[in-house]
Each structure stands twice: as structure tokens, then as C-alpha cells.
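**Q**
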Amino acid sequence: MAAYLVRRLLLMIPTLFGVLLVSFVVIQFAPGGPVQRVLAQLQGMDTGAGGRFGGGSDFGGRNLQGAGQMDANSAYRGAQGMDPDLIKKLEKQFGFDKPAYVRFFIMVKNYLMFDFGQSFFRSISVIQLIKEKLPVSISLGLWMTLITYLISIPLGIAKAVRDGSRFDTVTSSIIVVGYAVPGFLLAIFLIVLFAGGSFWNIFPLRGLTSDNWAQLTWYGKIADYFWHLTLPIIAMMVGAFATMTLLTRNSFLDEIRKQYVLTARAKGLSERRVLYGHVFRNAMLIVIAGFAGTFVGAFFSGSLLIEQIFSLDGLGLLSFDSVLNRDYPVVFANIYIFALIGLVVNLISDFTYTLVDPRIDFETREV
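Note that the sequence shown covers residues -14 to 352 in my numbering.
1. Using a Cβ-Cβ cutoff of less than 6 Å, which residues in the same chain neighbour E240 once the five nearest sequence positions on both sides are dropped?
2. Could you pull the DSSP bridge partners for Q103 from this structure?
3. Tell me which residues share the same chain as I271 and place their Cβ nearer than 8 Å to its Cβ, disregarding the 5 neighbours each side in the sequence.
4. My parser needs the beta strand (DSSP E) runs of 3 or more residues fully inside the stretch 235 to 316; what are they?
5. Below 8 Å between beta carbons: does that hold for F280 and G168?
6. In whole angstroms, what is the alpha-carbon distance linking V111 and L300?
7. Any idea if V121 is buried or exposed, counting beta-carbon neighbours within 10 angstroms, 16 or more meaning buried?
8. Among I138, Q293 and S307, whose alpha-carbon lies nearest the alpha-carbon of F226?
9. Considering only the alpha carbon of each residue, which of H213, V259, V20 and I187 lies closest to W198?
10. With DSSP as the reference, label A15 as helix, strand or coil.
11. Should I219 be flagged as near chain C, meaning a C-beta pair shorter than 8 Å?
12. In whole angstroms, what separates the C-alpha of L1 from that of E117?
13. Between F188 and the rest of its own chain, which residues show a CB-CB distance below 7 Å, the 5 nearest in sequence each way excluded?
14. Could you give the residue range of the alpha helix (DSSP H) that holds I159?
15. Is the CB-CB distance between G17 and R242 below 8 Å?
16. Taking L175 as part of the alpha helix (DSSP H), name the residues at either end of that continuous run.
17. Which residues in the same chain have their Cβ closer than 7 Å to the Cβ of R88, if we skip the five residues on either side of it in sequence?
18. I want to know whether the stretch 243 to 261 touches the stretch 295 to 309 - three or more CB-CB distances under 8 Å.
19. Using the beta-carbon count (16 or more within 10 Å), is I294 buried or exposed?
20. Report the three-state DSSP secondary structure of A52 (helix, strand or coil).
21. Is there contact here, the stretch 141 to 148 with the stretch 196 to 210, by at least three beta-carbon pairs under 8 Å?
22. Name the two residues that bound the continuous alpha helix (DSSP H) containing K94.
23. In this structure, does DSSP put N319 in helix, strand or coil?
24. For Y321, which residues of its own chain have a beta-carbon under 6 Å away from its beta-carbon, when the five flanking residues on both sides are left out?
25. Here's the rule I'm using: 16 or more other beta-carbon atoms within 10 Å means buried, otherwise exposed. How should T360 be labelled?
26. Quick one: what's N186 bridged to in DSSP?
27. Under a three-way DSSP split, which group does G80 fall into?
28. Compare the Cα-Cα distances from Q78 to each of Y164, S104, F99 and I218 and report the closest residue.
29. If we ignore side chains and look at the alpha-carbon of each, how far apart do D196 and V11 end up?
30. For S22, tell me which candidate among V155, E76, R(-8) and L(-10) has the shortest Cα-Cα distance.
31. Buried or exposed for M98, please, with buried defined as at least 16 other CB atoms from any protein chain shown within 10 angstroms of its CB.
32. Alpha carbon to alpha carbon, how far is S183 from A(-13)? Give it in angstroms, no decimals.
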């Protein structure tokens, strides 16, 4: 197991390098960019440039417009009428005065030490920005995944054991209906019903904690934390809950129908011993295999709309805004962290296999 762990950890290095390389190349061909965005802001086609770049006489006191015409072959739209020296200063500020390959290897070197640099359009370091948003994403991803598995696995097993019964039919109908409802639509329904919409005002609508959280007792803080998470978690977990329940049910059904189960029953083993002593560890492997995807999806992409609807400022919303604003340091840092967490969670899933089925030996397995 130790040798396999070392191989997997070493494999993460080229994997992360490949993820960053592909992302960097794609960004180079994406339309727009931070320089073009600033030019648009300075010419009044966007807002917010004055506050971020010190108004119309920044960058060495040069007038922002009318100081010189850009060449007709300029790479930036909206550069006409702008001072060429200003364009060069912008390129230097954003690091675009260096060749692309130099910028890439500088980024890789810094990322190895978790130095993500400064945000282009926020007066804060990227690592500090991510630290501020991380608690929201961890809360949503961790609790959604944990609750989904704690409910879906027992329910899926119960449905497999009672295959074809009234219980199986009714629960399947409820699950299918729940799966058909989009998470964002359910979130809006929950707000209308329970968060001061048109009916009850039971749950809060904004943030992860209340304003008086610091004054609460330790158990009051825990209650307040989960009070804020209740509606977002419900809205997020419906789709994953349905998928995981049906996956568990079908996996157990497939194992129950195999010959070794009939043999175990013929030997006189109790149904509980057959189910949890033999079927469980084989059927759970496919369920565990989906853990990484479920967690990472909930942690990031799956929480984007939920964060927006419930005013939760997490990594999903941060990544989306950064892509729109061409804030490349934040974009690449999020991609790096997403990939790293995904690799770590996959590694944890592999080790979970050995807990469920000790017969699995990773020492003889090729990475």
C-alpha cells in the first residue's frame, strides 16, 4: 500500500502540470482579456475602472485618451485613441510583457509553493480570497455528500431487498419525481415557502452564520450554522440523492442475483449475514467509485446556482465571476485547487476500497 501511495502522489505532479498547461493554452485563445477589459472600462464601455486603477490620470500621470493613436494592427480592441505607453504599462502590470511560455513556467513554479499572486481586479491576494470563500464551498460540498450517502445507501439497500414490493415502487416514484425537479427551481420553491417568501419565515436567506454568531454559545453556533445550511443543502442534494439511491439499489440487486449469494444461502447463512457479510463489500465498490465525482461536483460546479440564490459567496461563484472578469490569477488558482482536491479525493476513494473489501491489493496494481 505504501508503494502504491507513493506512485499515486508522484503521478499527481504531471497530472496537475497537464491540467494547468491545457487551461493556459485555452486561455491564450479565449477572446478578450484583462488588458482589453481595462481599456473598455477606461473608454466608458464598462464600469469600475476608476476605482481599481486610480481614475483617468493613472499610470505615470499620462492622459488616458488622445495621447497617441495605437497601430491599426493592435491586438486589443478598443485601443484606438489610447496612449501606446499606457498599453505597455498595462501589459507589464498584468505580466503580458513576457512570452507565453515564460509566464506559464513562472506560474507553475509559484503554484508549487501555493503562491497564486494577486487578483487583477481585487485589492487582495488570491490565496486570501480563496480562504475567505472556502468555508462556504466546504460546508456545502461536505455536508451534501455526507448526508446524501447516509440516506441513499440504507435506502438503496432496503429497496434492493424489497425489490418489486410496494415500498420499492412508491419510493422509486418519489425519487424519480425529485430527480426531475432542477435544484435551482427547488431552491426558489424553498425560499418562497420557508424563507419569508409568501408563507413562513423560518430559515435565513443570506450567509453561513447570523450577525450575532460571535456572541452565541458553542452549541448555539452549531445550531445557527446548520440553520443557515438547511435549505441550500436540501436544494443541492435532491439530484445526487436520487442518483446515489438508484445506483446503490441496482448494484445490490446485481450482486444478490449472483451464484455466490445462492451458495451462501444454501449453506444456511442468515439473510443479514449474506447481505452485509458478502453482498455489501462487492456492491459498495461501484458506489464508492462515484464518491469523488459527487464530492467535487457538489464542492464546485454544483453549488454555483445555489450560492447565487442563497447569497452564499463560495468558490463556485468566485470562479464564475473570475472567468467573466478575466481575472486570470483567480481562474488558474481555482482550476489548480479543483484539480488537486479531485486527485486527493480519488486517492481517498481507492483507500476506502480496502476498508470495504480487504481482498483488494493495490501493491500489485498498476497506476
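Note that the Cβ used here is the ideal one computed from N, Cα and C, for glycine as well.
Predicted model only: the values in this text are computed from it and were never measured.
**A** So, from the data block:
1. The count along the sequence shown starts at 1 and reaches residue 240 at position 255. The residues are V264, N267 and A268.
2. Taking the sequence shown and counting its residues from 1, the one referred to as residue 103 is at position 118. Beta-bridge pairing links Q103 to S110.
3. As a first step, residue 271 must be located in the sequence shown, where it is residue number 286. The beta carbon of I271 sits closer than 8 Å to those of L232 and S236, all from its chain and outside the five residues before and after it, given in chain order.
4. none
5. Within the sequence shown, numbered from 1, the residue matching residue 280 stands at position 295. Within the sequence shown, numbered from 1, the residue matching residue 168 stands at position 183. In this structure, G168 does not lie closer than 8 Å to F280 by Cβ.
6. The residue given as residue 111 occupies position 126 in the sequence shown. The residue given as residue 300 occupies position 315 in the sequence shown. If you take the alpha carbons of V111 and L300, they lie about 12 Å apart.
7. If you number the sequence shown from 1, residue 121 lands on position 136. Per the 10 Å Cβ criterion, buried.
8. Residue numbering aside, residue 226 sits at position 241 when the sequence shown is read from its first letter. Distance from the Cα of F226 is smallest, within the candidate group I138, Q293 and S307, for I138.
9. Taking the sequence shown and counting its residues from 1, the one referred to as residue 198 is at position 213. Ranking the options by Cα distance to W198, first place goes to H213.
10. Residue 15 sits at position 30 when you count from the first residue of the sequence shown. Here A15 sits in coil by DSSP.
11. Judged by its chain identifiers, the structure shown contains no chain C, having just a single protein chain.
12. As a working note, residue 1 is residue 16 in the sequence shown. As a working note, residue 117 is residue 132 in the sequence shown. Roughly 24 Å between the two C-alpha positions.
13. Position 203 of the sequence shown, counted from the start, is the residue given in the question as residue 188. If we look at F188 and ignore the five residues flanking it on each side, its Cβ neighbours are F179, A180, W212, T215 and L216.
14. The count along the sequence shown starts at 1 and reaches residue 159 at position 174. R151 to A165 is the span of the alpha helix (DSSP H), which, as asked, contains I159.
15. Locating residue 17 in the sequence shown gives position 32, where the first residue counts as 1. Locating residue 242 in the sequence shown gives position 257, where the first residue counts as 1. Not a contact, by the Cβ cut-off of 8 Å.
16. Locating residue 175 in the sequence shown gives position 190, counting from the first residue. It spans G168 to F179 - the alpha helix (DSSP H) in which L175 sits, taken as one unbroken run.
17. For the purposes of this step, residue 88 is identified with residue 103 of the sequence shown, where counting begins at 1. Counting only Cβ-Cβ distances below 7 Å, and skipping sequence neighbours, we find G80.
18. Flag = no, the stretch 243 to 261 and the stretch 295 to 309 do not touch.
19. Working through the sequence shown from its first residue, we reach residue 294 at position 309. So I294 ends up on the buried side.
20. For the purposes of this step, residue 52 is taken as residue 67 along the sequence shown, with counting starting at 1. With a pLDDT of 30 at A52, under the threshold of 50, the modelled position of this residue cannot be trusted, and the question is left open.
21. Contact between the stretch 141 to 148 and the stretch 196 to 210 is absent, with fewer than three C-beta pairs closer than 8 Å.
22. Within the sequence shown, residue 94 is the residue found at index 109, counting from 1. Per DSSP, K94 belongs to the alpha helix (DSSP H) from A85 to L97.
23. The count along the sequence shown starts at 1 and reaches residue 319 at position 334. Three-state result, N319: helix.
24. Mapped onto the sequence shown, residue 321 falls at position 336. Only Y96 meet the Cβ criterion.
25. Summary: the structure shown does not reach residue 360, with the chain confined to residues -14 through 352, and so no result is reported for it.
26. Position 201 of the sequence shown holds residue 186. BP columns for N186 point to A180.
27. Locating residue 80 in the sequence shown gives position 95, counting from the first residue. Correct three-state label for G80: coil.
28. Reading the sequence shown from its first residue, position 93 is the one you call residue 78. Cα-wise, what sits closest to Q78 is S104.
29. Stepping through the sequence shown from its first residue, residue 196 is reached at position 211. Stepping through the sequence shown from its first residue, residue 11 is reached at position 26. It is roughly 42 Å from the alpha-carbon of D196 to the alpha-carbon of V11.
30. Position 37 of the sequence shown holds residue 22. For the sequence presented, residue 22 should be read as Arg rather than Ser. Closest option to R22, Cα to Cα, is E76.
31. Numbered from 1 along the sequence shown, position 113 holds the residue referred to as residue 98. Classification of M98: exposed, given that the 10 Å Cβ count is below 16.
32. For the purposes of this step, residue -13 is taken as residue 2 along the sequence shown, with counting starting at 1. For the purposes of this step, residue 183 is taken as residue 198 along the sequence shown, with counting starting at 1. Their Cα atoms are separated by approximately 58 Å.
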